[in-house]
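Colleague: Below: one structure in structure tokens.
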Amino acid sequence: MTAPLSFRSLSSLIAVVAVLAACSSQPPAPEQLPSGVENRDPNAVTTGRVGNGDGIDPLSMAALKDPRSPLSKREVFFDYDSFVVRDEYRPLITAHAKFLAANPKVKMLIQGNADDRGSREYNLALGQKRAEALKKALLLLGGREEQVESVSLGEEKPRCEEQSESCWAQNRRDDILYTGEF
Amino acid sequence: MKSIKSLIAAPLAALLLGVSAGAGAQLSIEITGAGANRIPLAVPAFDGERIVSTALVSVVRADLERSGFFRMVDPGQNPLAEAAAVPYGDWRAKGADALVSGSVVSLGDGRYDTRFRLHDVPKQALLTTGGFAHSSAPYQLRATAHRIADTIYEKLTGERGVFSTRIAYVVKSTGRYELQIADADGANPQTALASREPIISPTWSPDGSKLAYVSFESKKPVVYVHDLATGRRHVAANFKGSNSAPAWAPDGKRLAVVLTKDGGSQLYTLNVDGSGLQRLGSSGGIDTEPQFSPDGQWIYFTSDRGSSPQIYRTSASGGDTQRVTFNGPYNVTPRLSPDGKSMAYISRDGGRFQVTLMDLATKQTQILTDSARDESPSFAPNGRMILYATEMGGRGVLAAVSSDGRVKQRLSVQAADIREPSWGPFIK
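Going down the list, the protein sequences come from chains A and B.
According to my numbering, the first sequence is numbered sequentially starting from 1.
According to my numbering, the second sequence is numbered sequentially starting from 1001.
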């Protein structure tokens, strides 16, 4: 179907964004210490956790948008007729799984997609298989069931609409969204 | 004095409270294929107040011609009053087998009584008479005309007419999706829901008062039930994961749905208000697109449990599951005819997705279309026509085909894609 391309709108981040903008000129945040552990290195930066009351650390959330961090990579592509997450994504999935484990209050939404050949409801189910494959991999590597919801958009929000293999390949895809983005 | 055109095209008074009048562009319908042995039928002008009678008769003629079962014979210029003596020989000479005569009688106060007769021309006999009281409001004129066309259709074909029914469908334009309802002839489009996110799988309740559908407005698929008269809706299913493919039980009290909350797309039933969830079987793969048989005994569905997507059916009371389709690598979207004897579905053959019809007793199948990207078949409530979505010239359009494949119609909207049709029930 070649209707004009629709754009995906992400709902805006909460007040966290304002705080992050203020910190954007600072050097990258050092690895976060688990709360309750005293930092003995006199050169370490002591970070104040400025949240908005939802228990989510805004500096952690900054990594999700940092192009240098694997956490800003949010797409997993699949081969034709396949629902197996390729090995090349292991580092990416590991990074996201660790992030989930370290931030138990953060929620993730995985949206699976499918190309548009065939029945809409069957394609919804195919997209779901892709979303669930990624969720499973994340849970195996540290993410928790309560944190992750896998859903499908089927063929309904394609990235491109040409009838070509390169377009179909783009739509065989999972997208990862975090709290504040859905 | 209002022109005829504005009389017919005027936006309709709120027949459905709470449903906003469609900014919806007019749905246009063209015939692209006609039936085998069309009955030559003449519908001359009705006697009586010219504007009202012209409006009525034009809709009657359009309905009957669009059905593909009639070849409209030139009716001449003169009105033929309901009780007038009929010069059968003249009409025979014009080639008519059937003839309608009618009169629009003013009752005063803006009300009318339209009476009509249907004649068998070769036999020179009266087949039926009828009459309806109505106002001159456009929607009443159209409704009366549809009822007259239904009566003529039923008398001449032996089948109940569907001219008084409605269809639902989704219109997609740039950044916008609308769930619309229109008369079966495309008139009076009304918007039940407008959204920036997709809407799929609309389906009418058996009594025609509600639509169930799937909306992506929450960034995931959620099943809603929407009351058309009030415009109020409620969430029927929003469990963790995806919720989709609603199908009404024939008694209108329960829905079958597809949920992924327990891992994988699986079938469930629940009450229309969302309570009383029950799982319906389980498989290791995808089960989707449930459809009740008209007698409520079976639920047909699509499953890839056998490695390719095929149609199965399971007893609605649980247990026995049987495979229904065996030919070809891809058979999906089962839709039972109202008499329960045949099933329309989509089969993929050599890369083309086409509406196919199976006789459930003989298992014989027939591909009904020659297009390549068909989806979402939906039977008219008289079982004669199948409405479906397809693509033409790069645009999403609706089409309809008769169960023998001969009558064809195309339904399109300007500057938008139209998809996901659902044909509404007979009005009680």
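Each residue gets a CB set at the ideal place from its N, CA and C atoms; glycine is no exception.
1. Shortest alpha-carbon distance to B/Lys1341 belongs to which of B/Thr1174, B/Met1358, B/Glu1049 and B/Gly1405?
2. So which residues on chain A does B/Arg1348 lean against when the C-beta distance must stay under 9 Å?
3. In three-state terms, what does DSSP make of A/Ser152?
4. Using a Cβ cut-off of 9 Å, which residues of the segment 1326–1350 of chain B contact any Cβ in chain A, in chain order?
5. Give the range of the beta strand (DSSP E) segment to which B/Thr1129 is assigned.
6. When you compare only the Cα positions, how much space is there between B/Arg1348 and B/Phe1426?
7. Under DSSP, the alpha helix (DSSP H) around A/Ala120 begins and ends at which residues?
8. Compare the C-beta of B/Ile1311 against all C-beta atoms of chain A and say whether one is closer than 9 Å.
9. Check whether chain A comes within 9 Å of B/Glu1420, counting only Cβ atoms and requiring the distance to be less than that.
10. Looking at C-alpha atoms only, which residue of B/Pro1202, B/Leu1193 and B/Val1214 is the closest neighbour of B/Thr1230?
11. Can you pull the chain A residues whose beta carbon is under 7 Å from the beta carbon of B/Ala1245, in chain order?
12. Could you check how far apart the C-beta atoms of B/Gly1068 and B/Ile1029 are, in whole angstroms? I think they sit under 8 Å.
13. List the residues of chain B whose Cβ lies closer than 9 Å to the Cβ of A/Leu109, in chain order.
14. Comparing alpha-carbon positions, which option in B/Gly1396, B/Arg1373 and B/Gln1409 lies nearest B/Arg1384?
15. Below 7 Å between beta carbons is the criterion; list the residues of the segment 1271–1302 of chain B that meet it against any residue of chain A, in chain order.
16. Going by DSSP in three states, A/Ser82 sits in which element: helix, strand or coil?
17. Curious, which full-length alpha helix (DSSP H) runs of at least 4 residues does the segment 1133–1216 of chain B contain?
18. Say whether chain B places a C-beta atom closer than 9 Å to the C-beta of A/Gly180.
19. Whose Cβ in chain B lies nearer than 7 Å to the Cβ of A/Ser150?
20. Between the Cα of A/Cys160 and those of A/Ser150, A/Arg172 and A/Val151, spot the shortest distance and give me the residue it belongs to.
21. Would B/Asn1243 and B/Val1258 be called neighbours here (beta carbons separated by less than 9 Å)?
22. Just verifying my parser: in three-state terms, what is the DSSP assignment at B/Ile1437?
23. Is B/Val1258 close to chain A, meaning its C-beta is less than 9 Å from at least one C-beta of that chain?
24. Counting along the chain, where does the alpha helix (DSSP H) carrying B/Gly1110 start and finish?
25. Can you say whether A/Pro158 is buried or exposed, counting buried as having 16 or more other CB atoms within 10 angstroms of its CB?
26. Kindly list the residues whose CB is nearer than 6 Å to the CB of A/Glu149, restricted to its own chain and excluding five residues on each side of it in sequence; keep chain order.
27. Strictly below 9 Å CB to CB, what residues from chain B border A/Gln170?
28. Starting from B/Asn1331, trace the beta strand (DSSP E) in both directions and tell me its first and last residue.
29. So within the segment 1053–1084 of chain B, which uninterrupted beta strand (DSSP E) runs reach at least 3 residues, ignoring any that extend past its ends?
30. Keeping to the same chain, check which residues put their C-beta closer than 7 Å to that of B/Pro1122; ignore five residues upstream and five downstream.
31. Answer yes or no: does any C-beta atom of chain A fall closer than 9 Å to that of B/Pro1189?
32. Is B/Leu1357 near the ligand PLP, with its Cβ less than 8 Å from a heavy atom?
33. Excluding sequence positions up to five away, which residues of its chain have a Cβ less than 6 Å from the Cβ of B/Ala1145?
34. My assumption, with CB atoms under 8 Å, is that B/Pro1377 sits in contact with B/Arg1406. Please give the rounded CB distance.
35. Note down, in chain order, every chain B residue with its Cβ under 7 Å from the Cβ of A/Leu64.
36. The segment 85–103 of chain A: which residues have C-beta closer than 9 Å to a C-beta of chain B, in chain order?
Modeller: Well, looking at it:
1. B/Met1358
2. Arg117 and Gly118
3. strand
4. Tyr1330, Val1332, Thr1333, Ile1346 and Arg1348
5. Ala1125 to Ser1135
6. 31 Å
7. Before going further, note that residue 120 of chain A is Arg rather than Ala in the sequence given. Unbroken alpha helix (DSSP H) run through A/Arg120: Arg120 to Leu140.
8. no
9. yes
10. B/Leu1193
11. Glu121
12. Between B/Ile1029 and B/Gly1068 the Cβ distance is about 11 Å, and since that is not below 8 Å, they are no contact.
13. Lys1219 and Lys1220
14. B/Gln1409
15. Ile1286, Thr1288, Glu1289 and Thr1302
16. coil
17. 1138–1157
18. no
19. Gly1241
20. A/Arg172
21. yes
22. Residue 1437 of chain B lies beyond the stretch modelled for chain B, which goes from 1001 to 1428, so this question has no answer here.
23. yes
24. Segment: none, B/Gly1110 is in no alpha helix (DSSP H) and carries neither H nor E.
25. buried
26. Leu109
27. Per Cβ cutoff of 9 Å: no residues; A/Gln170 is ~18 Å from chain B at best.
28. Asn1331 to Leu1336
29. 1070–1072
30. Arg1092 and Asp1097
31. no
32. As for the ligand PLP, it is missing from this structure, which has no ligand bound.
33. Leu1056, Val1059 and Val1060
34. Going by Cβ atoms, the distance from B/Pro1377 to B/Arg1406 rounds to 17 Å, so no, they are not a contact pair.
35. In chain order: nothing, as chain B lies at least about 17 Å away.
36. none
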